[in-house]
Amino acid sequence: MRHALVLGLAAAVSWLRASAQAPDPTAAEFDKFREVLEQDNPAELFEVKGAELWRARRGPKNASLEQCDLGLGPGVLKGAYAQLPRYFADVDLVMDAEARIVHCIMTLQGFTYAELAKQPFSSLVRTPEPVSLVTYVAAQSRGMKFASPQNHPKERATYETGKAIFHYRAGAFDFSCASCHGADDKRIRTQPLPNFTKPEQAIRAVQGWPGYRMTGGVMHSLQWRMNDCYRQQRFPEPGYTSETLSALLAYLTVNANGHVYRGPGIKR
Amino acid sequence: MRLESIGALALAALLLASCATPQRDYGPDALAMMKRDFHARGIAGMDRLNEDSVQATCNKYQDNPPEEVAAKLEKEEFTAIKWPADGKLLGDWKAGERIAQNGQGMAWSDKGGVGGSCYNCHQVGPRESSFGTLGPSLYQFAKKRGYGADIQRYAYGKIYNAKAYSLCSQMPRFGHVRALTEQQMKDLTALLMDPASPVNQ
Chain A
8 MRHALVLGLA AAVSWLRASA QAPDPTAAEF DKFREVLEQD NPAELFEVKG AELWRARRGP
68 KNASLEQCDL GLGPGVLKGA YAQLPRYFAD VDLVMDAEAR IVHCIMTLQG FTYAELAKQP
128 FSSLVRTPEP VSLVTYVAAQ SRGMKFASPQ NHPKERATYE TGKAIFHYRA GAFDFSCASC
188 HGADDKRIRT QPLPNFTKPE QAIRAVQGWP GYRMTGGVMH SLQWRMNDCY RQQRFPEPGY
248 TSETLSALLA YLTVNANGHV YRGPGIKR
Chain B
6 MRLESIGALA LAALLLASCA TPQRDYGPDA LAMMKRDFHA RGIAGMDRLN EDSVQATCNK
66 YQDNPPEEVA AKLEKEEFTA IKWPADGKLL GDWKAGERIA QNGQGMAWSD KGGVGGSCYN
126 CHQVGPRESS FGTLGPSLYQ FAKKRGYGAD IQRYAYGKIY NAKAYSLCSQ MPRFGHVRAL
186 TEQQMKDLTA LLMDPASPVN Q
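Quick note, the sequences are listed as chains A and B, same order. Residue 252 in my numbering sits at position 245 of the first sequence, with consecutive numbering throughout. Residue 165 in my numbering sits at position 160 of the second sequence, with consecutive numbering throughout.
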């Protein structure tokens with residue numbers, strides 16, 4: 008399966024390069040390619056793995072995650088992902104999906120943050136448990152509208168803080184998130200750049216994640232995506248599941264509220 | 006008359022209420038959060054989170070500073086440009102093309118400055134169709150503007166420090182932050198300015 012994907016990717020890349028003269032048809036063709044792949048989405052393998060992990064008794068406390076509260080009550084998964092980030096009174100914080108799952112792994116199963124944050128992103132030889140878990144959880148919101156709440160004062164403050172983080176220019180190249188994602192109809196090379204400050208485009212920040220990435224052939228979550236953006240922004244590294252990333256994800260998701268989530272997807 | 010004065014009172018109360026809840030500036034909260042949550046990795050130290058005077062001004066005014074504020078800082082940035090000691094601004098355009106193509110450099114996954122990332126944002130030479138559109142097209146740069154010493158100086162200076170010309174430009178300050186060496190900037194200037202460069206065909 009991986010070989011077929013790699014071959015398909017190689018063909019797509021050479022085709023993209025050859026036809027890059029007209030960037031918009033290129034993007035359209037890539038979308039078609041993605042649609043074909045989505046009918047047999049490798050993300051489903053990680054969804055199944057995540058389902059097993061959710062029910063498995065693991066860790067020093069030998070417990071499952073079935074009592075994990077993702078905002079709709081202990082063990083309620085249906086629609087939970089589409090309503091994250093949200094405020095959690097038990098920690099007095101706004102958390103995104105992966106931050107909350109990591110919190111549950113720590114509190115219910117007894118793993119430490121240091122263990123989970125040591126190598127938090129997928130490689131060809133290893134997919135961290137939270138990545139499979141977030142894929143499983145996300146799949147339970149497939150077809151539902153994003154509805155990250157703005158009711159609690161901390162949810163509103165977190166959105167505003169996330170907005171400020173999004174626009175903060177610094178670092179070696181004077182970049183902010185908005186340098187690439189703050190204007191309409193821009194590209195890096197042939198890659199279109201959605202304007203995340205606009206609701207109708209902000210959906211593209213969260214749609215398709217967690218996603219099976221054809222570059223490298225691994226499953227990645229939004230935590231990885233935010234991390235890689237900061238690498239390219241020439242910033243130091245943000246902490247895994249830190250408040251900064253939850254705030255940034257709150258800003259992006261609230262902007263995308265009302266749009267239908269299509270479930271774990273496929274990324275270039 | 007009575008009704009009118011009640012109306013005026015209500016209006017005044019409304020105005021007061023709206024003044025009492027001004028839009029809060031979340032910038033300080035954001036920066037404090039980032040300073041707590043980020044860590045140094047590779048060449049990307051925590052000092053990169055601190056704004057310099059240009060970044061602070063552009064952040065404060067959302068990239069739209071008052072003209073006199075911008076002019077003063079642009080002048081400071083311009084004065085700090087280090088022009089080549091030998092007075093020559095044009096290097097080898099072929100080397101320049103390779104530097105323009107290379108999008109690596111200055112990230113925590115890099116060892117230092119490497120490439121100019123030019124094609125990420127600009128159309129440059131006519132043979133590369135994979136180019137970005139965050140910046141303007143540079144195709145036929147000198148053919149359109151002229152090959153004179155003043156345009157050469159403008160090209161080199163803009164690569165060295167784009168903020169010396171437009172304070173809140175989205176373009177990095179390649180010379181100012183030592184992302185590119187003097188020779189690399191000369192090679193890029195040649196890519197834009199050499200009459201033999203494909204850029205000017």
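Glycine included, each C-beta is placed from N, C-alpha and C at the ideal position. These figures come from a predicted structure and were not determined experimentally.
Cβ neighbours of residue i in the same chain (closer than 6 Å, five flanking residues each side left out)
i                      : result
residue 136 of chain B : 124 and 128
residue 148 of chain A : 86, 88, 89 and 268
residue 94 of chain A  : 101, 159, 161 and 162
residue 212 of chain A : 203 and 259
residue 266 of chain A : 153 and 210
CA nearest to the CA of residue i, picked from the options
i                      : options                       : result
residue 103 of chain A : A:90, A:152 and A:96          : A:90
residue 78 of chain A  : A:99, A:63 and A:240          : A:99
residue 97 of chain A  : A:105, A:86, A:87 and A:111   : A:111
residue 125 of chain A : A:149, A:114 and A:137        : A:137
residue 60 of chain A  : A:50, A:72, A:49 and A:67     : A:72
residue 185 of chain B : B:146, B:64 and B:161         : B:161
residue 141 of chain A : A:237, A:229, A:181 and A:192 : A:229
residue 76 of chain A  : A:109, A:68 and A:50          : A:109
residue 196 of chain A : B:105, B:112 and B:187        : B:105
residue 40 of chain B  : A:227, A:54, A:243 and A:266  : A:243
residue 258 of chain A : A:135, A:67 and A:92          : A:92
residue 119 of chain A : A:65, A:205 and A:231         : A:65
residue 226 of chain A : A:55, A:200, A:42 and A:249   : A:55
residue 150 of chain A : A:215, A:205, A:121 and A:206 : A:215
residue 147 of chain B : B:99, B:97, B:103 and B:201   : B:201
residue 127 of chain A : A:236, A:248 and A:273        : A:248
Own chain, CB closer than 7 Å to residue i, minus 5 neighbours either side, in chain order
i                      : result
residue 119 of chain B : 107, 109 and 110
residue 190 of chain A : 202
residue 172 of chain A : 251, 254 and 255
residue 131 of chain B : 144, 203 and 206
residue 174 of chain B : 167 and 168
residue 139 of chain B : 126 and 175
Collapsed DSSP secondary structure at residue i in the structure displayed
i                      : result
residue 199 of chain A : strand
residue 244 of chain A : strand
residue 66 of chain B  : coil
residue 161 of chain A : helix
residue 111 of chain B : coil
residue 176 of chain B : coil
residue 169 of chain A : helix
residue 33 of chain B  : helix
residue 273 of chain A : strand
residue 107 of chain A : helix
residue 182 of chain B : coil
residue 83 of chain B  : helix
residue 76 of chain A  : strand
residue 95 of chain B  : coil
residue 64 of chain A  : coil
residue 118 of chain B : strand
residue 81 of chain A  : strand
Local Cβ density within 10 Å of residue i, reported as buried at 16 or more and exposed below that
i                      : result
residue 83 of chain A  : exposed
residue 209 of chain A : buried
residue 117 of chain B : exposed
residue 271 of chain A : buried
residue 241 of chain A : buried
residue 44 of chain B  : exposed
residue 295 of chain A : Past the edges of chain A, shown from 8 to 275, lies residue 295 of chain A, and the structure says nothing about it.
residue 158 of chain A : exposed
residue 29 of chain A  : Caution applies to residue 29 of chain A, whose pLDDT of 43 falls short of 50 and renders its modelled position unreliable; the value that the coordinates give is listed next. Exposed is the call here.
residue 199 of chain B : buried
residue 178 of chain A : buried
residue 60 of chain B  : buried
residue 74 of chain B  : exposed
residue 176 of chain A : buried
residue 132 of chain A : exposed
Cutoff 8 Å; reference residue i; Cβ partners in own chain excluding five residues on either side
i                      : result
residue 233 of chain A : 245, 252, 255 and 256
residue 64 of chain B  : 32 and 56
residue 180 of chain B : 86, 87, 164, 165, 166, 187 and 190
residue 135 of chain A : 123, 126, 127, 128 and 129
(message) Please list, in chain order, the residues of the segment 111–136 of chain B that have any C-beta partner in chain A closer than 8 Å.
(response) 111, 112, 113, 114, 124, 125, 126, 134, 135 and 136
(request) Anything in the segment 45–67 of chain B with a Cβ closer than 8 Å to a Cβ of chain A? List those residues in chain order, please. (result) 45, 46, 49, 50, 51, 53, 54, 55, 56, 59, 60, 63, 64 and 67
(message) Under 8 Å, CB to CB, which of the residues in the segment 84–107 of chain B have a partner in chain A?
(response) none
(request) Give, in chain order, every residue of the segment 180–206 of chain B whose Cβ lies closer than 7 Å to some Cβ of chain A. (result) 182 and 184
(request) Please name the residues in the segment 192–214 of chain A whose beta-carbon is closer than 9 Å to at least one beta-carbon of chain C, in chain order. (result) Of the protein chains in the structure, A and B, none is chain C.
(request) With 9 Å as the limit, tell me which residues of the segment 31–42 of chain B have their beta carbon closer than that to any beta carbon of chain A; keep them in chain order. (result) 31, 32, 33, 34, 35, 36, 38, 39, 41 and 42
(message) Beta carbons nearer than 7 Å to chain B: which residues of the segment 217–244 of chain A have them?
(response) 238, 239, 241, 242, 243 and 244
(request) Return the residues of the segment 128–154 of chain A that lie within a Cβ-Cβ distance of less than 7 Å from chain B, sorted by chain order. (result) none
(request) Taking a Cβ distance cut-off of 7 Å, strictly less, list which residues of the segment 153–176 of chain B are near chain A, in chain order. (result) 175
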